[in-house]
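I have placed the structure first, in the form of structure tokens, so that the comments after it can refer back to it.
There are 6 protein chains.
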Amino acid sequence: MVKIVAEFRQEREALNDLVMKYADLTIKRFYGLDSQAYREGALPPKTKEMLGLVASLVLRCDDCIKYHVIRCKEEGVSTDEMVEVLGIGLVVGGSITIPHLRRALQAWDELGN
Amino acid sequence: MVKIVAEFRQEREALNDLVMKYADLTIKRFYGLDSQAYREGALPPKTKEMLGLVASLVLRCDDCIKYHVIRCKEEGVSTDEMVEVLGIGLVVGGSITIPHLRRALQAWDELGN
Amino acid sequence: MVKIVAEFRQEREALNDLVMKYADLTIKRFYGLDSQAYREGALPPKTKEMLGLVASLVLRCDDCIKYHVIRCKEEGVSTDEMVEVLGIGLVVGGSITIPHLRRALQAWDELGN
Amino acid sequence: MVKIVAEFRQEREALNDLVMKYADLTIKRFYGLDSQAYREGALPPKTKEMLGLVASLVLRCDDCIKYHVIRCKEEGVSTDEMVEVLGIGLVVGGSITIPHLRRALQAWDELGN
Amino acid sequence: MVKIVAEFRQEREALNDLVMKYADLTIKRFYGLDSQAYREGALPPKTKEMLGLVASLVLRCDDCIKYHVIRCKEEGVSTDEMVEVLGIGLVVGGSITIPHLRRALQAWDELGN
Amino acid sequence: MVKIVAEFRQEREALNDLVMKYADLTIKRFYGLDSQAYREGALPPKTKEMLGLVASLVLRCDDCIKYHVIRCKEEGVSTDEMVEVLGIGLVVGGSITIPHLRRALQAWDELGN
Chain A
0 MVKIVAEFRQ
10 EREALNDLVM
20 KYADLTIKRF
30 YGLDSQAYRE
40 GALPPKTKEM
50 LGLVASLVLR
60 CDDCIKYHVI
70 RCKEEGVSTD
80 EMVEVLGIGL
90 VVGGSITIPH
100 LRRALQAWDE
110 LGN
Chain B
0 MVKIVAEFRQ
10 EREALNDLVM
20 KYADLTIKRF
30 YGLDSQAYRE
40 GALPPKTKEM
50 LGLVASLVLR
60 CDDCIKYHVI
70 RCKEEGVSTD
80 EMVEVLGIGL
90 VVGGSITIPH
100 LRRALQAWDE
110 LGN
Chain C
0 MVKIVAEFRQ
10 EREALNDLVM
20 KYADLTIKRF
30 YGLDSQAYRE
40 GALPPKTKEM
50 LGLVASLVLR
60 CDDCIKYHVI
70 RCKEEGVSTD
80 EMVEVLGIGL
90 VVGGSITIPH
100 LRRALQAWDE
110 LGN
Chain D
0 MVKIVAEFRQ
10 EREALNDLVM
20 KYADLTIKRF
30 YGLDSQAYRE
40 GALPPKTKEM
50 LGLVASLVLR
60 CDDCIKYHVI
70 RCKEEGVSTD
80 EMVEVLGIGL
90 VVGGSITIPH
100 LRRALQAWDE
110 LGN
Chain E
0 MVKIVAEFRQ
10 EREALNDLVM
20 KYADLTIKRF
30 YGLDSQAYRE
40 GALPPKTKEM
50 LGLVASLVLR
60 CDDCIKYHVI
70 RCKEEGVSTD
80 EMVEVLGIGL
90 VVGGSITIPH
100 LRRALQAWDE
110 LGN
Chain F
0 MVKIVAEFRQ
10 EREALNDLVM
20 KYADLTIKRF
30 YGLDSQAYRE
40 GALPPKTKEM
50 LGLVASLVLR
60 CDDCIKYHVI
70 RCKEEGVSTD
80 EMVEVLGIGL
90 VVGGSITIPH
100 LRRALQAWDE
110 LGN
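Protein chains in written order, with numbering that gives the first Met the number 0: chain A, 0 to 112; chain B, 0 to 112; chain C, 0 to 112; chain D, 0 to 112; chain E, 0 to 112; chain F, 0 to 112.
Structure representation (structure tokens):
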């Protein structure tokens, strides 16, 4: 799991430096809002990360998918649950999501299940 | 709740008649698969319906949103949970989802919360 | 068939009047290009209309779908062929296309097959 | 101009009532952010509304298009400028945007140019 | 042609191993349905592959485009036909498809026309 | 600035050679139309490039974003203006645009602001 999480954290820090170099109040507030939406509320973070993942899959954003796959792992999503989340994304979004589902499973596989 | 559910069931039956009049094996099998994806598995139907809803919101399909809003109600999703699901869709999908979020809340409101 | 084709032609003329009232050279040239792309070439108009239909279905544009369904009928697409075109769109585009597939079949049905 | 603007304001108020009935902090903050992004900054509101319009056109959201068409009018966008904004959206987004461009011009026309 | 087809087949096998390691019934059935939709029916596989290609182009999925470009070649699509399919996708989907059209033509070029 | 602009121009020339090798009249005319839409008119090229950029961001096309970021720089867009354009795209298109906004800012950063 170390490699993916390490790379992810490294990229994220580099990203934050670049974004913070340029971001105005709108962008900064969006980032704050993005974090807030996934925090514990009526729904637990685990469910929220699965929601973020399926949304990312049907919108076909590989970076977003990878982020939520890692977060799902951290929140204790099981392999059977992961496969069901991806299956719903596949049925809703169609075969056009297959290349992204494939890369989602690659990331999941590397996280050591 | 009667009006929305009644209309929904009526439209659905009319739809099924039309689809079944024309559908070949591919379309019929897709319909079967679509039902199967939301059945009890590692994840309960309630979670799966929330996944279907957030996917429908970010893809901005009003008919799909309405369907999953009704199904979420049937599966016992609370108003606080519903609002958090929609909030994640809004943050992921942006302001372009607002007209659909609005209609989702209208449907939810009519379902009698 | 009369009703749909009549409405379609009426709307199209009203549209053309409005568009021509405002269109600059960019918009006018786009309209010309749009017509040209579906003309007889290496591929016959029938195939091109089916291509336009499947593209419209996966992009989920009801007006575009209706236009190409009518054009497919005019070009002699059979019901079996129509259903297979829609089936490919459904598999590629996922369940999110179902409300549009449904309306495509409604239009096809009214065209008197 | 009265009819469109009146309807728009009426719908907006009804919307705000419904959204405010249900909205949690995430949704409320998103609404605040949405307003902020279009305020006077390095770019004037007129340019920002044109940016919002072209984004709405290529994403094919009729409600969003209508909103930005009205706002563009309020900010003094000329008909020639409006047509050029729509032309860029048409070229970037393709013929699939035509039904939306058509409705954008209908709204513009009713605003009394 | 050997290099692209070889790489494609190699990746596909690796993909199948990974997908089959994790896939549940929903994902497996979707894969089966995906194959079925392109089989000989009222429309020949050649037409169906062109439909799959134009759908993939307007949805801007490079992996899907590459797959259907290769399949089109195998089904005997001519260069003139290929260019017309891509032209329809370009007009429907707009300039945003250009980077993908470019890569589609690169793949087609390497296939030795 | 030399590296990005140099690579961009080199790729563009290679692209043009490949496209011109295959393009039929439809594709050639689309390319002409694409250039025309951004020329000086009622709106200056600077505004049009910002429109092209925000459209590319919400449609999440990295190649298109890079192209318009470079063109914005050439047309004298300031860093504050660039950040506001990206902020509108982010709010309209949601968190799914973040990986693209990130790469837009990377390109902008390398252009030497």
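Positions of the beta carbon are idealized from the N, C-alpha and C atoms, including for glycine.
Small disclaimer: the values here were computed from a predicted structure and weren't measured.
- Query: Taking the continuous alpha helix (DSSP H) assigned at Gly31 (chain D), which residues delimit it?
  - Reply: Judged by DSSP secondary structure, Gly31 (chain D) falls within the alpha helix (DSSP H) whose first and last residues are Leu24 to Gln35.
- Query: DSSP on Gly51 (chain B), reduced to helix/strand/coil?
  - Reply: Correct three-state label for Gly51 (chain B): helix.
- Message: Mapping the DSSP letters down to three states, classify Ala13 (chain A) as helix, strand or coil.
- Response: For Ala13 (chain A), the secondary structure class from DSSP, reduced to helix, strand or coil, is helix.
- Message: I need the DSSP call for Arg42 (chain F), collapsed to helix, strand or coil.
- Response: Looking at the sequence itself, residue 42 (chain F) is Leu, so the reference to Arg does not match. In this structure, Leu42 (chain F) counts as coil in the three-state DSSP scheme.
- Message: For Asp108 (chain B), would you say it is in contact with chain C, using Cβ-to-Cβ distances shorter than 9 Å as the test?
- Response: With 9 Å as the cut-off, Asp108 (chain B) does not count as an interface residue toward chain C.
- If Leu56 (chain B) sits next to His99 (chain B), beta carbons under 8 Å apart, how far is it from one beta carbon to the other, in whole angstroms? For Leu56 (chain B) against His99 (chain B), the beta-carbon gap comes to about 6 Å, under 8 Å, which counts as contact.
- DSSP three-state call for Glu80 (chain F): helix, strand or coil? In the structure shown, Glu80 (chain F) adopts helical secondary structure according to DSSP, grouped into three states.
- Message: For the structure I just gave you, are there three or more beta carbon pairs, one from the region 57-71 of chain F and one from the region 1-19 of chain A, closer than 8 Å?
- Response: Judged by pairs of C-beta atoms under 8 Å, the region 57-71 of chain F does not touch the region 1-19 of chain A, as fewer than three such pairs exist.
- Confirm, please, whether the CB-CB distance from Tyr37 (chain B) to Ile87 (chain A) is below 9 Å. In this structure, Ile87 (chain A) places its C-beta atom within 9 Å of the C-beta atom of Tyr37 (chain B).
- Task: Excluding the 5 residues preceding and the 5 following Val84 (chain F) in the sequence, name in chain order all residues of the same chain whose CB lies nearer than 7 Å to its CB.
- Result: Once the five neighbours on either side are set aside, the close Cβ partners of Val84 (chain F) are Met49, Leu52 and Val53.
- Message: Can you pull the chain H neighbours of Arg8 (chain C), defined as C-beta to C-beta under 7 Å?
- Response: Of the chains in the structure shown, none is chain H; the protein chains are A, B, C, D, E and F.
- Query: Residue range of the alpha helix (DSSP H) that Ile69 (chain B) falls in?
  - Reply: Taken as a continuous stretch (DSSP letters only), the alpha helix (DSSP H) holding Ile69 (chain B) covers Asp61 to Glu73.
- Query: Would you report the Cα separation of Asn113 (chain A) and Gly111 (chain C), rounded to the nearest angstrom?
  - Reply: Residue 113 (chain A) lies beyond the range of chain A shown here (0 to 112); nothing can be said about it.
- Using 9 Å as the limit for Cβ to Cβ distance, is Ser55 (chain C) near chain A? Output row for Ser55 (chain C): interface = no.
- For chain B, find out if any of its Cβ atoms is closer than 9 Å to the Cβ of Ala41 (chain A); answer yes or no. Yes, its Cβ sits closer than 9 Å to a Cβ of chain B.
- Would the beta-carbon of Leu24 (chain E) fall within 9 Å of that of Phe29 (chain F)? No, the pair does not count as a contact, with Cβ atoms beyond the cut-off.
- Message: Since Arg101 (chain C) and Leu17 (chain B) should fall inside the 8 Å C-beta cutoff, what is the C-beta to C-beta distance between them, to a whole number of angstroms?
- Response: Indeed, because the Cβ distance is near 7 Å, the residues count as touching under 8 Å.
- Contacts that Arg28 (chain F) makes with chain C (C-beta to C-beta distance below 9 Å): Arg28, Gly31, Leu32 and Gln35, listed in chain order.
- Mind checking if Thr78 (chain E) is an interface residue toward chain A, Cβ cutoff 9 Å exclusive? It does not; no Cβ of chain A falls within 9 Å.
- Message: Which of the three DSSP states is assigned to Leu58 (chain B) in this structure?
- Response: Residue state, collapsed to three classes: coil.
- Inter-residue Cα distance where the pair is Gly103 (chain D) and Val82 (chain A): The sequence shown places Ala at residue 103 (chain D), rather than the Gly named in the question. Rounded to whole angstroms, Ala103 (chain D) to Val82 (chain A) spans 42 Å at the Cα level.
- Task: Taking Arg70 (chain B) as the reference, give the member of B:Glu10, B:Met19 and B:Trp107 with the closest Cα.
- Result: Among B:Glu10, B:Met19 and B:Trp107, the Cα nearest to that of Arg70 (chain B) belongs to B:Trp107.
- Query: So is Lys72 (chain D) buried or exposed if we call it buried at 16+ other beta carbons inside 10 Å?
  - Reply: Buried is the label assigned to Lys72 (chain D), since at least 16 other Cβ atoms lie within 10 Å of its Cβ.
- Exposure of Gly40 (chain C), with buried meaning 16 or more beta-carbon neighbours within 10 Å: With 16 or more Cβ atoms within 10 Å of its Cβ, Gly40 (chain C) is classed as buried.
- Query: What residue range is occupied by the uninterrupted alpha helix (DSSP H) comprising Leu100 (chain E)?
  - Reply: Leu100 (chain E): member of the alpha helix (DSSP H) spanning Ile97 to Glu109, first to last residue.
- Message: So the candidates are E:Lys45, E:Glu80 and E:Val91; which of them puts its Cα closest to the Cα of Glu74 (chain E)?
- Response: Of the listed residues, the one whose Cα sits closest to Glu74 (chain E) is E:Lys45.
- Which term fits Ala22 (chain E), buried or exposed, when burial requires 16 or more other beta carbons within 10 angstroms of its beta carbon? Ala22 (chain E) comes out buried.
- Query: Hey, does Thr25 (chain D) have any beta-carbon neighbour from chain E nearer than 9 Å?
  - Reply: No, Thr25 (chain D) lies away from the interface with chain E (no Cβ there is under 9 Å from its Cβ).
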